[in-house]
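Quick notes on the structure that follows.
Residue numbers (this note's numbering): 152 to 416.
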(Lines of atoms letter the chains of each structure in order from A and count residues from 1; the text may use other names and numbers.)
(Lines give C-alpha, C1' and ligand atoms only; values in the text may rest on other atoms or scores of the structure.)
Protein backbone atom coordinates (compact mmCIF):
# COMPACT_ATOMS: atom_id res chain seq x y z
CA UNK A 1 0.00 0.00 0.00
CA UNK A 2 2.94 2.33 -0.58
CA UNK A 3 3.03 2.42 -4.39
CA UNK A 4 1.53 5.92 -4.44
CA UNK A 5 -1.75 4.83 -6.02
CA UNK A 6 -4.93 6.70 -5.15
CA UNK A 7 -6.76 5.03 -2.26
CA UNK A 8 -10.07 4.49 -4.02
CA UNK A 9 -12.03 5.59 -7.05
CA UNK A 10 -15.21 4.14 -8.59
CA UNK A 11 -13.45 2.72 -11.64
CA UNK A 12 -16.75 1.40 -12.99
CA UNK A 13 -17.61 4.95 -13.99
CA UNK A 14 -14.98 4.55 -16.70
CA UNK A 15 -14.61 0.79 -17.20
CA UNK A 16 -16.88 -2.23 -17.72
CA UNK A 17 -14.31 -5.05 -17.79
CA UNK A 18 -10.86 -5.90 -16.48
CA UNK A 19 -8.99 -4.71 -19.58
CA UNK A 20 -10.64 -1.31 -19.40
CA UNK A 21 -10.10 -1.15 -15.64
CA UNK A 22 -6.40 -1.87 -16.03
CA UNK A 23 -6.12 0.93 -18.60
CA UNK A 24 -7.83 3.39 -16.24
CA UNK A 25 -5.46 2.54 -13.37
CA UNK A 26 -2.43 2.62 -15.69
CA UNK A 27 -3.26 6.14 -16.83
CA UNK A 28 -3.97 7.54 -13.37
CA UNK A 29 -1.35 9.92 -11.96
CA UNK A 30 0.21 8.79 -8.68
CA UNK A 31 -1.16 10.46 -5.57
CA UNK A 32 2.13 10.11 -3.65
CA UNK A 33 5.72 9.28 -4.48
CA UNK A 34 6.50 5.56 -4.66
CA UNK A 35 7.41 4.39 -1.17
CA UNK A 36 6.90 7.84 0.36
CA UNK A 37 3.76 7.01 2.35
CA UNK A 38 1.40 4.17 3.18
CA UNK A 39 -2.22 4.59 2.14
CA UNK A 40 -4.51 1.57 1.97
CA UNK A 41 -5.49 1.13 -1.67
CA UNK A 42 -7.45 -1.57 -3.48
CA UNK A 43 -5.94 -0.52 -6.78
CA UNK A 44 -2.59 -2.14 -6.06
CA UNK A 45 -4.24 -5.49 -5.43
CA UNK A 46 -6.26 -5.17 -8.62
CA UNK A 47 -2.96 -4.70 -10.45
CA UNK A 48 -1.51 -7.76 -8.70
CA UNK A 49 -4.42 -9.80 -10.03
CA UNK A 50 -3.74 -8.55 -13.56
CA UNK A 51 -0.03 -9.39 -13.16
CA UNK A 52 -0.90 -12.98 -12.19
CA UNK A 53 -3.08 -13.23 -15.30
CA UNK A 54 -0.38 -11.75 -17.53
CA UNK A 55 2.38 -14.03 -16.20
CA UNK A 56 0.28 -17.21 -16.07
CA UNK A 57 -1.64 -16.61 -19.27
CA UNK A 58 -4.83 -17.62 -17.45
CA UNK A 59 -7.78 -15.84 -15.83
CA UNK A 60 -7.14 -15.24 -12.13
CA UNK A 61 -9.94 -17.52 -10.92
CA UNK A 62 -8.83 -20.42 -13.12
CA UNK A 63 -5.17 -20.07 -12.14
CA UNK A 64 -5.93 -20.05 -8.42
CA UNK A 65 -8.42 -22.89 -8.72
CA UNK A 66 -6.05 -25.14 -10.67
CA UNK A 67 -2.88 -24.36 -8.73
CA UNK A 68 -4.02 -23.78 -5.17
CA UNK A 69 -7.67 -24.26 -4.25
CA UNK A 70 -8.33 -27.67 -5.82
CA UNK A 71 -4.93 -29.16 -4.86
CA UNK A 72 -5.68 -28.08 -1.28
CA UNK A 73 -9.15 -29.70 -1.56
CA UNK A 74 -10.90 -26.39 -0.91
CA UNK A 75 -14.42 -27.17 -2.05
CA UNK A 76 -16.07 -23.88 -1.18
CA UNK A 77 -13.53 -21.27 -2.24
CA UNK A 78 -14.25 -19.58 -5.55
CA UNK A 79 -15.22 -16.41 -7.38
CA UNK A 80 -18.78 -15.91 -8.67
CA UNK A 81 -20.11 -18.89 -6.68
CA UNK A 82 -23.68 -18.67 -8.00
CA UNK A 83 -22.41 -19.56 -11.47
CA UNK A 84 -20.65 -22.63 -10.04
CA UNK A 85 -23.59 -24.34 -8.41
CA UNK A 86 -23.36 -22.92 -4.88
CA UNK A 87 -26.67 -21.98 -3.28
CA UNK A 88 -26.06 -21.19 0.41
CA UNK A 89 -24.77 -17.71 1.24
CA UNK A 90 -24.91 -15.11 3.97
CA UNK A 91 -26.65 -12.00 2.67
CA UNK A 92 -24.57 -8.83 2.81
CA UNK A 93 -25.66 -5.33 1.89
CA UNK A 94 -28.96 -3.94 0.62
CA UNK A 95 -27.61 -2.75 -2.72
CA UNK A 96 -24.46 -0.63 -2.68
CA UNK A 97 -25.65 2.08 -0.30
CA UNK A 98 -22.28 2.68 1.35
CA UNK A 99 -20.33 2.86 -1.90
CA UNK A 100 -22.94 5.23 -3.28
CA UNK A 101 -22.20 7.49 -0.30
CA UNK A 102 -18.47 7.21 -1.00
CA UNK A 103 -19.08 8.67 -4.45
CA UNK A 104 -21.58 11.36 -3.48
CA UNK A 105 -20.39 12.39 -0.01
CA UNK A 106 -16.80 13.65 0.31
CA UNK A 107 -17.03 13.61 4.13
CA UNK A 108 -16.59 9.82 3.88
CA UNK A 109 -12.95 10.51 3.09
CA UNK A 110 -12.98 9.79 -0.63
CA UNK A 111 -13.33 12.35 -3.38
CA UNK A 112 -14.61 11.21 -6.76
CA UNK A 113 -12.96 13.31 -9.44
CA UNK A 114 -15.89 13.37 -11.79
CA UNK A 115 -19.64 13.77 -12.09
CA UNK A 116 -21.38 11.39 -9.63
CA UNK A 117 -24.49 11.34 -11.82
CA UNK A 118 -22.60 10.13 -14.91
CA UNK A 119 -23.21 6.47 -14.03
CA UNK A 120 -26.29 4.89 -12.47
CA UNK A 121 -25.87 1.13 -12.54
CA UNK A 122 -26.19 0.73 -8.77
CA UNK A 123 -27.58 -2.55 -7.50
CA UNK A 124 -30.67 -2.08 -5.33
CA UNK A 125 -31.33 -5.69 -4.32
CA UNK A 126 -30.05 -7.52 -1.26
CA UNK A 127 -26.66 -8.88 -2.29
CA UNK A 128 -26.57 -12.65 -1.85
CA UNK A 129 -23.81 -14.73 -3.40
CA UNK A 130 -22.36 -11.81 -5.36
CA UNK A 131 -19.39 -9.68 -4.42
CA UNK A 132 -20.28 -6.53 -2.52
CA UNK A 133 -17.38 -4.43 -3.81
CA UNK A 134 -18.34 -2.30 -6.80
CA UNK A 135 -14.95 -2.25 -8.51
CA UNK A 136 -14.93 -6.04 -8.47
CA UNK A 137 -18.58 -6.50 -9.46
CA UNK A 138 -19.19 -3.68 -11.94
CA UNK A 139 -15.70 -3.30 -13.41
CA UNK A 140 -14.15 -6.78 -13.18
CA UNK A 141 -17.01 -9.25 -13.53
CA UNK A 142 -16.66 -10.38 -9.93
CA UNK A 143 -13.08 -11.64 -10.33
CA UNK A 144 -10.39 -9.28 -9.08
CA UNK A 145 -7.21 -9.27 -7.05
CA UNK A 146 -8.72 -7.16 -4.30
CA UNK A 147 -12.25 -8.57 -3.88
CA UNK A 148 -14.66 -11.25 -5.04
CA UNK A 149 -13.48 -14.43 -3.36
CA UNK A 150 -16.10 -16.46 -1.48
CA UNK A 151 -15.17 -19.12 1.06
CA UNK A 152 -16.03 -20.82 4.34
CA UNK A 153 -14.36 -20.87 7.74
CA UNK A 154 -13.15 -24.43 7.13
CA UNK A 155 -11.48 -23.56 3.82
CA UNK A 156 -9.94 -20.35 5.13
CA UNK A 157 -8.47 -22.30 8.03
CA UNK A 158 -6.59 -24.45 5.52
CA UNK A 159 -5.10 -21.37 3.84
CA UNK A 160 -4.03 -19.97 7.21
CA UNK A 161 -2.53 -23.33 8.17
CA UNK A 162 -0.56 -23.18 4.93
CA UNK A 163 0.90 -19.81 5.91
CA UNK A 164 1.51 -20.82 9.53
CA UNK A 165 3.53 -23.78 8.23
CA UNK A 166 5.62 -21.68 5.82
CA UNK A 167 3.88 -22.85 2.67
CA UNK A 168 3.44 -26.51 3.58
CA UNK A 169 0.16 -28.37 4.07
CA UNK A 170 -0.68 -32.06 4.28
CA UNK A 171 2.89 -33.10 3.59
CA UNK A 172 3.18 -31.05 0.38
CA UNK A 173 5.10 -27.81 -0.16
CA UNK A 174 2.82 -25.44 -2.10
CA UNK A 175 4.78 -22.22 -1.62
CA UNK A 176 8.49 -21.89 -0.95
CA UNK A 177 9.27 -21.16 2.74
CA UNK A 178 11.41 -18.16 1.82
CA UNK A 179 8.48 -16.68 -0.09
CA UNK A 180 6.29 -16.87 3.01
CA UNK A 181 9.13 -15.39 5.09
CA UNK A 182 9.43 -12.47 2.67
CA UNK A 183 5.71 -11.76 2.84
CA UNK A 184 5.76 -11.81 6.63
CA UNK A 185 8.70 -9.44 6.99
CA UNK A 186 7.79 -6.04 8.45
CA UNK A 187 8.23 -3.04 6.20
CA UNK A 188 9.07 0.47 7.36
CA UNK A 189 5.38 1.05 8.07
CA UNK A 190 5.32 -1.97 10.40
CA UNK A 191 3.13 -4.04 8.11
CA UNK A 192 3.65 -7.16 6.04
CA UNK A 193 3.13 -7.69 2.32
CA UNK A 194 -0.64 -7.88 2.03
CA UNK A 195 -1.08 -8.45 5.75
CA UNK A 196 -1.45 -6.37 8.89
CA UNK A 197 0.83 -6.97 11.87
CA UNK A 198 -1.65 -6.87 14.80
CA UNK A 199 -0.06 -5.36 17.90
CA UNK A 200 -2.57 -7.17 20.16
CA UNK A 201 -1.36 -10.64 19.09
CA UNK A 202 2.00 -12.38 19.67
CA UNK A 203 5.00 -11.31 17.59
CA UNK A 204 4.93 -12.73 14.08
CA UNK A 205 1.13 -12.89 13.93
CA UNK A 206 -0.64 -11.64 10.82
CA UNK A 207 -4.25 -10.65 10.19
CA UNK A 208 -6.63 -8.99 7.78
CA UNK A 209 -10.21 -7.80 7.77
CA UNK A 210 -12.78 -7.69 5.00
CA UNK A 211 -15.22 -4.82 4.50
CA UNK A 212 -18.27 -7.09 4.75
CA UNK A 213 -17.25 -8.09 8.30
CA UNK A 214 -14.81 -10.93 7.76
CA UNK A 215 -11.60 -11.47 9.74
CA UNK A 216 -8.70 -13.91 9.60
CA UNK A 217 -5.54 -14.14 11.68
CA UNK A 218 -2.59 -16.47 11.85
CA UNK A 219 -0.50 -16.94 14.97
CA UNK A 220 2.59 -18.97 13.99
CA UNK A 221 3.84 -19.09 17.59
CA UNK A 222 0.92 -21.36 18.51
CA UNK A 223 0.10 -22.59 14.99
CA UNK A 224 -3.32 -20.96 15.39
CA UNK A 225 -5.62 -20.17 12.48
CA UNK A 226 -8.43 -17.84 13.51
CA UNK A 227 -11.43 -17.18 11.25
CA UNK A 228 -14.43 -15.03 12.15
CA UNK A 229 -17.01 -14.43 9.43
CA UNK A 230 -19.78 -11.91 10.08
CA UNK A 231 -22.11 -10.12 7.70
CA UNK A 232 -22.18 -6.77 9.50
CA UNK A 233 -23.55 -4.96 6.45
CA UNK A 234 -26.84 -6.82 6.62
CA UNK A 235 -27.82 -4.72 9.65
CA UNK A 236 -27.70 -1.54 7.57
CA UNK A 237 -25.95 1.72 8.39
CA UNK A 238 -26.32 3.97 11.42
CA UNK A 239 -27.45 7.60 11.46
CA UNK A 240 -24.01 8.69 10.24
CA UNK A 241 -24.10 6.26 7.32
CA UNK A 242 -21.61 3.76 8.75
CA UNK A 243 -21.87 0.00 9.24
CA UNK A 244 -21.42 -1.52 12.73
CA UNK A 245 -17.82 -1.66 13.91
CA UNK A 246 -16.98 -5.31 14.54
CA UNK A 247 -13.30 -4.60 15.17
CA UNK A 248 -13.57 -4.89 18.97
CA UNK A 249 -15.40 -8.22 18.59
CA UNK A 250 -12.74 -9.54 16.21
CA UNK A 251 -9.94 -8.59 18.59
CA UNK A 252 -11.75 -10.02 21.62
CA UNK A 253 -12.29 -13.37 19.90
CA UNK A 254 -8.67 -13.55 18.72
CA UNK A 255 -7.32 -12.64 22.16
CA UNK A 256 -9.51 -15.24 23.86
CA UNK A 257 -8.30 -17.97 21.50
CA UNK A 258 -4.64 -17.00 21.91
CA UNK A 259 -5.06 -16.84 25.69
CA UNK A 260 -6.49 -20.34 25.69
CA UNK A 261 -3.63 -21.64 23.56
CA UNK A 262 -1.04 -20.04 25.83
CA UNK A 263 -2.68 -21.43 28.97
CA UNK A 264 -2.90 -24.97 27.61
CA UNK A 265 0.84 -25.13 26.90
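By construction, the Cβ of each residue, glycine as well, lies at the ideal position given by its N, Cα and C atoms.
- Counting along the chain, where does the alpha helix (DSSP H) carrying residue 202 start and finish? Annotation for residue 202: the continuous alpha helix (DSSP H) segment containing it runs 193-207.
- Exposed or buried, what is residue 202 when buried is set at 16 or more other beta-carbons lying within 10 Å of its beta-carbon? Residue 202 counts as exposed, since fewer than 16 other beta carbons sit within 10 angstroms of its beta carbon.
- So which of 198, 194, 196 and 235 has the shortest CA-CA distance to residue 213? Ranking the options by Cα distance to residue 213, first place goes to 235.
- Query: Once you ignore the five residues that flank residue 220 on each side, which residues in its own chain have a CB closer than 6 angstroms to its CB?
  - Reply: 228, listed in sequence order.
- Would you mind giving the Cβ-Cβ distance between residue 279 and residue 288, rounded to the nearest angstrom? I have them listed as a contact below 8 angstroms. Residue 279 to residue 288, Cβ: 13 angstroms. No contact.
- Message: Going by C-alpha to C-alpha distance, which of 332, 156 and 195 sits closest to residue 183?
- Response: In terms of Cα proximity to residue 183, the closest of 332, 156 and 195 is 156.
- Message: Spatial neighbours of residue 341 within its chain, please: C-beta separation below 8 angstroms, excluding the five flanking residues on both sides.
- Response: Excluding residues within five positions, the ones whose Cβ falls inside 8 angstroms are 348.
- Message: If I follow the unbroken alpha helix (DSSP H) through residue 289, where does it start and stop?
- Response: Residues 285-291.
- Message: Taking the straight line between their C-alpha atoms, what separation do you get for residue 286 and residue 230?
- Response: Spanning the alpha carbons of residue 286 and residue 230 requires a straight line of approximately 14 angstroms.
- Message: My output table needs one value for residue 282: the three-state DSSP class, helix, strand or coil.
- Response: Residue 282 falls in the coil class under three-state DSSP.
- Task: Put residue 408 into one of helix, strand or coil per three-state DSSP.
- Result: DSSP places residue 408 within a helical segment (H, G or I) once states are collapsed to three.
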